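K.L.:
Here it is, the structure in full.
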Amino acid sequence: MKIQFSNLGSIKETELDLRPLTVIIGPNNSNKTYIAYSTYALWQRAGRTVRIT
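Following this note's numbering, the numbering of the sequence shown begins with 1 at its first residue and continues without gaps.
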């Protein structure tokens with residue numbers, strides 16, 4: 001599943017290709033948390049089960 005983000009924090013535009021295991025890495029203040037929370041919210045709105053470990 002691909003998700004496109006625009007104007008999210010300091011992210012102007014990017015695309016995330018979700019796989020069964022997706023790891024988001026980067027330096028501090030690179031908006032990893034924005035991406036994680038946004039992805040979580042989209043999955044919940046779609047009625048999908050989200051497991052965070």
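Backbone N, C-alpha and C define an ideal beta-carbon position, used for all residues, glycine too. Predicted model only: the values in this text are computed from it and were never measured.
With which residues is THR6 paired in a DSSP beta bridge?
P.N.:
The sequence given here places Ser at residue 6; Thr does not occur at that position. DSSP output for SER6 lists GLU13 as bridge partner(s).
K.L.:
Go ahead and pull the three-state DSSP assignment for THR39.
P.N.:
helix
K.L.:
Helix, strand or coil: which one does DSSP assign to THR22?
P.N.:
coil
K.L.:
To which residues of the same chain is ILE3 closer than 6 Å at the C-beta, ignoring the five residues directly before and after it?
P.N.:
LEU16
K.L.:
From this set, SER38, ILE25 and LEU18, which residue's C-alpha is nearest ASN7's C-alpha?
P.N.:
SER38
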